[in-house]
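Working notes, beginning with the structure itself.
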Amino acid sequence: MEKYYYNNENGFWYELQGDYYIPCLTLGEDDTRPIGRWGRKHLRYLKEYRPVLYTVLLLGGKLSGHLAEIDTRATEMYELLMKQLAGKEGINEQLKAKDPIAWVGAMNNIRSAAEEIVNAEVIFV
0 MEKYYYNNEN
10 GFWYELQGDY
20 YIPCLTLGED
30 DTRPIGRWGR
40 KHLRYLKEYR
50 PVLYTVLLLG
60 GKLSGHLAEI
70 DTRATEMYEL
80 LMKQLAGKEG
90 INEQLKAKDP
100 IAWVGAMNNI
110 RSAAEEIVNA
120 EVIFV
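Mapped onto numbering that gives the first Met the number 0, the consecutive letters of the sequence shown carry residue numbers 0 to 124.
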């Protein structure tokens, strides 16, 4: 018996091990980009509410890249929204120096609003 066998029907190579031919399978290259806060949040969403999409991405080797892309998009959107909302509300360093408590309260409101927008537009879709 030959050591390796190619099956034209499915396009797989098989290797003889003992009396059995075992498929020669390899994993694709894993995406090594870091997955941050937003990527982990999207991962939880996929597992809980979109299990079929989660399984397809996981088995296709695309889950890591997908999560890294979501994390990048969400981070950029969050930072942009924070700047825009702070500018629109007139929250700046002068307010921070004049009334730190009011500045913290206003920034917490802006942070919450920006998080809700990012969740609705990027994470929970």
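For each residue, glycine too, the CB sits at the ideal point set by N, CA and C.
| query | result |
| --- | --- |
| If you drop the 5 nearest sequence neighbours on each side, which residues of the same chain put their C-beta closer than 8 Å to that of W102? | I90, L94 and K95 |
| Report the CB separation of Y20 from Y4 in whole angstroms; it is logged as a contact under 8 Å. | 6 Å |
| State whether the segment 70-84 contacts the segment 111-118, with contact taken as three or more CB pairs (one from each stretch) at a distance under 8 Å. | yes |
| Thinking just about the alpha-carbon of each residue, which of I69, R49 and L58 is nearest to the one in G35? | I69 |
| Let's test the definition: count the other Cβ atoms within 10 Å of the Cβ of L58 and tell me whether it reaches 16, buried, or not, exposed. | exposed |
| What would DSSP say about N6, mapped onto helix, strand or coil? | strand |
| Once DSSP output is grouped into helix, strand and coil, what is the label at E120? | helix |
| For L15, does the count of other Cβ atoms within 10 angstroms reach 16, so buried, or fall short, so exposed? | exposed |
| Specify, as a first and last residue, the run of the alpha helix (DSSP H) that I69 falls within. | L62 to E88 |
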